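Protein chains: 2
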Amino acid sequence: MADSDSGSWPRAPRKRADAQRNEQALLDAAAKVFVVSGVDAPVRDIAATAGVGMGTIYRHFPTRAELVIAVYRHQVDATAEAGPALLASEETPHAALAKWVDMFVDFLTTKHGLAGALQSDSARFQTLHAYFLDRLVPVCAQLLDAAVAAGEIRPGMDPLSLMHGIGNLCVGADGDSGYDARRLVHLLIAGLLQPVTPR
Amino acid sequence: MADSDSGSWPRAPRKRADAQRNEQALLDAAAKVFVVSGVDAPVRDIAATAGVGMGTIYRHFPTRAELVIAVYRHQVDATAEAGPALLASEETPHAALAKWVDMFVDFLTTKHGLAGALQSDSARFQTLHAYFLDRLVPVCAQLLDAAVAAGEIRPGMDPLSLMHGIGNLCVGADGDSGYDARRLVHLLIAGLLQPVTPR
DNA sequence: TTGCAATACGGAACAATGCTCCGTATTGTC
DNA sequence: GACAATACGGAGCATTGTTCCGTATTGCAA
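Sequence order for the protein chains is A and B. Take any residue in the first sequence, note its place counting from 1, add 13, and you have its number in my numbering. Take any residue in the second sequence, note its place counting from 1, add 13, and you have its number in my numbering.
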């Protein structure tokens with residue numbers, strides 16, 4: 014199968030060694046800074062932590078969204094992949110949906126301000142929003158469809174809106190205040206259940 | 014009760030005429046600018062629209078929150094007062110709660126970015142958050158209690174968290190995108206309903 | 001090894017915005 | 001009409017995002 018990395022694609026002119034080093038340093042630094050100052054941390058802080066100049070950070074990650082995505086990509090992918098797995102392992106589709114949603118909530122609420130950034134309509138985060146949605150909405154749709162097919166929930170819930178809503182409920186859920194995003198998200202998911210139409 | 018305006022209180026050294034004029038101008042200008050640019054509009058824009066200097070705006074409204082509160086005070090008060098009224102006029106407490114919540118959602122979603130500002134953990138909006146909550150949480154609590162007493166919903170829902178959650182669901186609900194905050198809030202409220210425990 | 005072109009780097013500089021401060025102007029009163 | 005209290009305006013500083021360009025590194029070839 015030919016050589017593995019000069020694949021048949023247009024061009025990926027292997028990066029210079031220092032560039033690779035810096036990109037990794039930036040990723041590490043960003044992860045560290047995000048924990049402390051949230052995803053809105055000043056660009057300068059990240060650059061300084063990584064020991065690089067302002068120019069370098071913008072060269073590698075032109076928009077903040079790209080940096081955030083790069084930092085959290087693994088976790089987003091893991092969340093996406095967990096969907097089908099849960100569908101297979103849980104008792105009912107609704108249970109799978111509930112667990113999957115919990116994963117997502119845990120992810121968001123452990124990242125300072127990520128939820129807020131996600132919902133921000135600022136153009137600066139448009140890409141971020143889009144990435145999360147592209148990756149997760151189909152999974153959500155799959156879970157939703159399964160639950161509908163099983164007769165557990167009413168049809169008609171738009172997966173995109175649901176994801177949007179869940180993300181919103183997680184805004185400001187880091188840390189101390191008595192606000193419990195999980196609790197409210199559970200309520201939301203419960204609201205989806207087909208009312209057990211009595212008599 | 015003595016004379017009505019030199020009450021027995023410490024001191025309210027009647028404002029100078031120009032100060033009153035400017036405060037009103039600022040309020041009008043802010044209302045106008047908020048519609049176009051959201052509650053995050055640059056202070057300079059508001060000052061310019063009102064035809065006053067930077068100093069003046071800060072003198073009258075030291076924090077942005079105070080300005081926002083002043084602009085929307087009437088509407089917040091109206092929402093608060095609607096609670097008991099709905100409780101009296103609607104069929105059931107849960108119905109009253111649902112209608113009241115709708116009012117609140119409509120209020121938030123018609124104000125560019127208000128919901129976002131409300132949830133922002135930025136110290137700059139702490140006061141804003143507190144004001145809305147002080148005013149509305151008791152009303153929400155009253156509606157919730159009534160619904161619990163009527164056996165419609167499970168007890169234990171913290172009114173503050175519920176308000177927080179509703180506010181959150183409204184983030185980014187202005188304008189175009191297919192996102193329908195009302196729909197999701199309805200789901201949330203529906204989730205509150207006592208499940209018709211089958212069997 | 002050395003020379004060179006391509007690539008990447010750093011950080012100064014510019015712009016937008018929040019907020020403060022103080023010399024000047026307005027107002028109300030005697 | 002003069003004076004003290006009050007309020008005004010906007011220049012100026014700080015923070016943060018973003019761009020630009022002279023300089024330093026790197027990889028390759030001779």
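No residue lacks a Cβ here, since even glycine has one placed at the ideal position from N, Cα and C. Just so we're clear, the structure is a prediction, and the values are computed from it rather than from any experiment.
In the assembly as shown, B:Gly185 is a buried residue. Its beta-carbon has 16 or more other beta-carbons within 10 Å. Take B:Gly66, set aside five residues on each side of it, and the residues of its chain with a beta-carbon closer than 8 Å to its own are Ala60, in chain order. At a cut-off of 8 Å, the C-beta of B:Arg167 has no neighbouring C-beta in chain A. Distance from the CA atom of A:Leu156 to the CA atom of A:Ala91, rounded to whole angstroms, is 16 Å. For the 8 Å CB-CB criterion, B:Leu201 and A:Gly169 do not form a contact.
Under a criterion of Cβ atoms nearer than 7 Å, the residues of chain A adjacent to B:Val184 are, in order, Gln132, Asn181 and Val184.
For A:Arg34, the closest C-alpha among the options A:Leu197, A:Val49 and A:Ile70 is that of A:Ile70. Its chain contains Arg148, Leu149 and Val152 as the residues whose beta carbon lies nearer than 7 Å to that of A:Ala93, once the 5 sequence neighbours on both sides are disregarded; these appear in chain order.
Per DSSP, the unbroken alpha helix (DSSP H) holding B:Thr140 starts and ends at Gln139 to Ala162.
Annotation: Cβ neighbours of B:Gly204 in chain A (cutoff 9 Å, chain order): Leu197, His199, Leu200, Leu201, Ile202, Ala203, Gly204, Leu205 and Leu206. Three or more Cβ pairs closer than 8 Å define a contact, and the region 50-59 of chain A meets that threshold against the region 116-134 of chain A. By the neighbour-count definition (other C-beta atoms within 10 Å, threshold 16), B:Gly178 is a buried residue.
In this structure, A:Gly191 lies away from B:Ser102, with their beta-carbon atoms at least 8 Å apart. Inclusion of A:Pro106 and A:Ala32 in the CB contact set at 8 Å is not warranted, their separation being larger than that value. A:Tyr71: member of the alpha helix (DSSP H) spanning Met67 to His73, first to last residue.
Considering only A:Thr76, A:Leu206 and A:Asp193, the residue with the shortest C-alpha distance to B:Asn181 is A:Asp193.
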